[in-house]
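In this note's numbering, each number is its position in the sequence shown, counted from 1, plus 91.
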Amino acid sequence: MCMQVIAENIEQVEAFGDIPDNVKRGIARILSRRRQINKNTMNLFIGPEEHSVELFDCARLDSDALSQIGYMSMNLRILNLSDCGQMTDSALSIFADTCKHLTSLTLKGPFLVTDGAFANLFSRLETRLEEVYLENAAKLADKGLNALVEMCMRGGDGGGDGKGEERVLRRLGLNHCQSVTDGALKHLCRLGGVGCDAPANGEGEPGPEAGDDDEAGVGARLESLELGHLGGTSDAAIVELLAAVGPGLRKLFLIGFPEMTDSVLQTGIAPHCPRLDTLSLAHDESLSDAGLVAFFNAWHDTRRRHPGARLARLDLTRVVNLGDAALTTVAQLHGADLESLSINSLDDLTGDALRSLAAAVGGGGGGGGRLRELDVSFVRACDDDVFAALAAASAMLERVAVYGCNRLTEVALGGVGGVRNAAGRAVRVVGTEFA
Numbered sequence: 092m093c094m095q096v097i098a099e100n101i102e103q104v105e106a107f108g109d110i111p112d113n114v115k116r117g118i119a120r121i122l123s124r125r126r127q128i129n130k131n132t133m134n135l136f137i138g139p140e141e142h143s144v145e146l147f148d149c150a151r152l153d154s155d156a157l158s159q160i161g162y163m164s165m166n167l168r169i170l171n172l173s174d175c176g177q178m179t180d181s182a183l184s185i186f187a188d189t190c191k192h193l194t195s196l197t198l199k200g201p202f203l204v205t206d207g208a209f210a211n212l213f214s215r216l217e218t219r220l221e222e223v224y225l226e227n228a229a230k231l232a233d234k235g236l237n238a239l240v241e242m243c244m245r246g247g248d249g250g251g252d253g254k255g256e257e258r259v260l261r262r263l264g265l266n267h268c269q270s271v272t273d274g275a276l277k278h279l280c281r282l283g284g285v286g287c288d289a290p291a292n293g294e295g296e297p298g299p300e301a302g303d304d305d306e307a308g309v310g311a312r313l314e315s316l317e318l319g320h321l322g323g324t325s326d327a328a329i330v331e332l333l334a335a336v337g338p339g340l341r342k343l344f345l346i347g348f349p350e351m352t353d354s355v356l357q358t359g360i361a362p363h364c365p366r367l368d369t370l371s372l373a374h375d376e377s378l379s380d381a382g383l384v385a386f387f388n389a390w391h392d393t394r395r396r397h398p399g400a401r402l403a404r405l406d407l408t409r410v411v412n413l414g415d416a417a418l419t420t421v422a423q424l425h426g427a428d429l430e431s432l433s434i435n436s437l438d439d440l441t442g443d444a445l446r447s448l449a450a451a452v453g454g455g456g457g458g459g460g461r462l463r464e465l466d467v468s469f470v471r472a473c474d475d476d477v478f479a480a481l482a483a484a485s486a487m488l489e490r491v492a493v494y495g496c497n498r499l500t501e502v503a504l505g506g507v508g509g510v511r512n513a514a515g516r517a518v519r520v521v522g523t524e525f526a
């Protein structure tokens, strides 16, 4: 309520004073939704005392205004700018000049910034970035990614906590970066400390050094990798990258590769990514049902050598060839562990496979599963009976998305007391007029 009142009267606010960063972030989100981030309101979030600037709609900020953030906030550690389409090379160079100690960088929409400007930024930072997420960076290519890797490979700098902990890149995301090709991805292989051409053992898996967190190179501590809707990358380049950095990954997002084939699953993820707790293959429309079955079985064998590994989040949105066989395999191998599952737009599924999923998620009918979020939108086989089985499967279920499930009726969704999980607690259902 306090943040809402401040946002409604933002033009009368001269300064925020000493309020927590999470409150500033909340106000910034409200103003962004209202398209009220401009040259005047921006000044409330910047200054030499700020260590974090997060603005979620910079569409009304021109290059000069974006440069002002760098001029005024030279002590930044976290920079998050969305819809920054007016950012230019000169604006980004200001951050390279003044914000030498960034640890987290998120830029969404810097499509005017050139590859050389990204390279300049990464090469001039005095500390290593721990998080990098670039979206719609249309000109990012070989130079920029090579400079990013060189930054990661530089001599150890302190972690800033007085303990001398070495900073390393832990999270990397590249989304809708259309100039990122096989050659650019090859630079990222060096983050694994073993390189793209590292020898494999006799079973086609990386050597022991790639799987040992203590002995692997700097990049082996890359924990989260997101690649989405890239311009010209091949299966072979993705497999090479996973062979280099996969052993240390906990989260992997390969999103929007419509021509990616089963080989990435079977020769990239299955042998090289045994510790994942999060996997997204959303919008990878060429993957086959049989290939997914083979992958999940082979991956399960690899993961058994790492007993702490548990797949908690799985996104299979619009993997359109996925059918009953693959979903049943997922249910049998991972159903009891899943906390979040999306099978959005999988039109080949039948009610039998969905009931098998419900049984597996519920631990064979005991309601003891971990599932909290489920998306069955546009799954035509989801009717009242199937939905009731899914909703009652897990005692922890909190949210179900059912957009486009036109066989669901008010009987299942709008009855007295609403939808309840296995523990009798209310479940939030989105995507229907009845809930």
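Don't be surprised by glycine CBs; every beta carbon is placed ideally from N, CA and C. Since the model is a prediction, treat every value here as computed from it, not as a measurement.
Measure the alpha-carbon distance for residue i versus residue j and round it to whole angstroms.
i: Ser485; j: Phe344; result: 26 Å
i: Ile110; j: Arg151; result: 25 Å
i: Lys191; j: Leu332; result: 29 Å
i: Leu429; j: Leu282; result: 29 Å
i: Ala422; j: Leu157; result: 48 Å
i: Thr189; j: Gln159; result: 11 Å
i: Leu183; j: Asp273; result: 26 Å
i: Gly337; j: Gly509; result: 43 Å
i: His363; j: Ala334; result: 6 Å
i: Glu35; j: Arg366; result: The question about residue 35 has no answer, for the chain in this structure spans 92 to 526.
i: Val521; j: Met163; result: 43 Å
i: Ala373; j: Asp406; result: 6 Å
i: Phe49; j: Ser354; result: This structure does not reach residue 49, given that the chain is present from 92 up to 526, and the question cannot be answered.
i: Arg395; j: Asp380; result: 23 Å
i: Phe202; j: Asp174; result: 10 Å
i: Phe213; j: Gly200; result: 18 Å
i: Asp112; j: Ser123; result: 16 Å
i: Asn388; j: Leu356; result: 11 Å
i: Asp304; j: Gly382; result: The predicted model places Asp304 with a pLDDT of 42, which falls under 50 and marks its position as unreliable; any figure quoted below should be read in that light. If you take the alpha carbons of Asp304 and Gly382, they lie about 30 Å apart.
With burial defined as no fewer than 16 other Cβ atoms inside 10 Å of the residue's Cβ, what is the status of residue i: buried or exposed?
i: Ala513; result: buried
i: Asp527; result: This structure does not reach residue 527, given that the chain is present from 92 up to 526, and the question cannot be answered.
i: Gly293; result: Below a pLDDT of 50, predicted positions are generally treated as unreliable, and Gly293, at 36, falls in that range; the measurement from the model is reported next regardless. Result: exposed.
i: Glu524; result: exposed
i: Gly359; result: buried
i: Gly339; result: buried
i: Gly323; result: exposed
i: Pro139; result: exposed
i: Ala517; result: exposed
i: Gly515; result: exposed
i: Arg527; result: Beyond the ends of the chain as shown, which are 92 and 526, falls residue 527; an answer cannot be given.
i: Asn211; result: buried
For a test of the three-state rule: what should DSSP assign to residue i, helix, strand or coil?
i: Tyr162; result: helix
i: Asn518; result: Just to set this straight, residue 518 is Val in the shown sequence, not Asn. Here Val518 sits in coil by DSSP.
i: Ala307; result: With a pLDDT of 42 at Ala307, under the threshold of 50, the modelled position of this residue cannot be trusted; read the value that follows with caution. Note: Ala307 maps to coil in three-state DSSP.
i: Ile346; result: strand
i: Leu432; result: strand
i: Ile169; result: strand
i: Arg511; result: strand
i: Asn211; result: helix
i: Pro138; result: First, the residue type needs correcting, since residue 138 is Gly and not Pro in the sequence shown. Correct three-state label for Gly138: coil.
i: Val477; result: helix
i: Leu263; result: strand
i: Pro123; result: For clarity, residue 123 is Ser in the given sequence; the question names Pro instead. In this structure, Ser123 counts as helix in the three-state DSSP scheme.
i: Ser154; result: helix
i: Leu465; result: strand
i: Val240; result: helix
i: Ala291; result: The predicted position of Ala291 is uncertain, since its pLDDT is 40 and thus under 50; a value taken from the coordinates is nonetheless stated next. Correct three-state label for Ala291: strand.
i: Leu220; result: coil
i: Glu524; result: coil
i: Glu489; result: coil
i: Glu317; result: strand
i: Val502; result: helix
Cα-Cα, which of the options is closest to residue i?
i: Cys243; options: Lys230, Leu231, Asn227 and Val223; result: Val223
i: Ser436; options: Val410, Gly399 and Ser154; result: Val410
i: Tyr494; options: Asp474, Leu193 and Leu313; result: Asp474
i: His278; options: Leu313, Ala479 and Glu241; result: Glu241
i: Leu170; options: His142, Gly454 and Pro201; result: His142
i: Ala416; options: Leu402, Gly442 and Ala427; result: Gly442
i: Thr361; options: His391, Pro349, Lys342 and Glu376; result: Note that residue 361 corresponds to Ala in the displayed sequence, not to Thr. Minimum Cα distance to Ala361 is reached at His391.
i: Thr408; options: Gly459, Arg395, Pro349 and Asp174; result: Pro349
i: Asp153; options: Phe147, Lys130 and Gly347; result: Lys130
i: Ile434; options: Cys496, Arg461, Phe386 and Ala385; result: Cys496
i: Arg116; options: Asp375, Gly138 and Phe147; result: Phe147
i: Gly399; options: Arg341, Arg471, Ser371 and Ala228; result: Arg341
i: Leu445; options: Gly459, Gly460 and Gly414; result: Gly414
i: Cys280; options: Cys268, Gln269, Leu313 and Ala119; result: Leu313
i: Met178; options: Ala232, Cys268, Ala228 and Leu239; result: Ala228
i: Gly460; options: Ala403, Ala187, Leu499 and Glu376; result: Ala403
inquiry  = Please give the ranges of any beta strand (DSSP E) in the stretch 176-205, keeping only runs that are unbroken, at least 3 residues long and fully inside the region.
reply    = 195-199
Continuous alpha helix (DSSP H) assignments of at least 4 residues falling wholly in the stretch 372-449 = 380-394 and 415-425
key: Length-filtered (4 minimum) alpha helix (DSSP H) runs lying within the stretch 319-370   = 326-336
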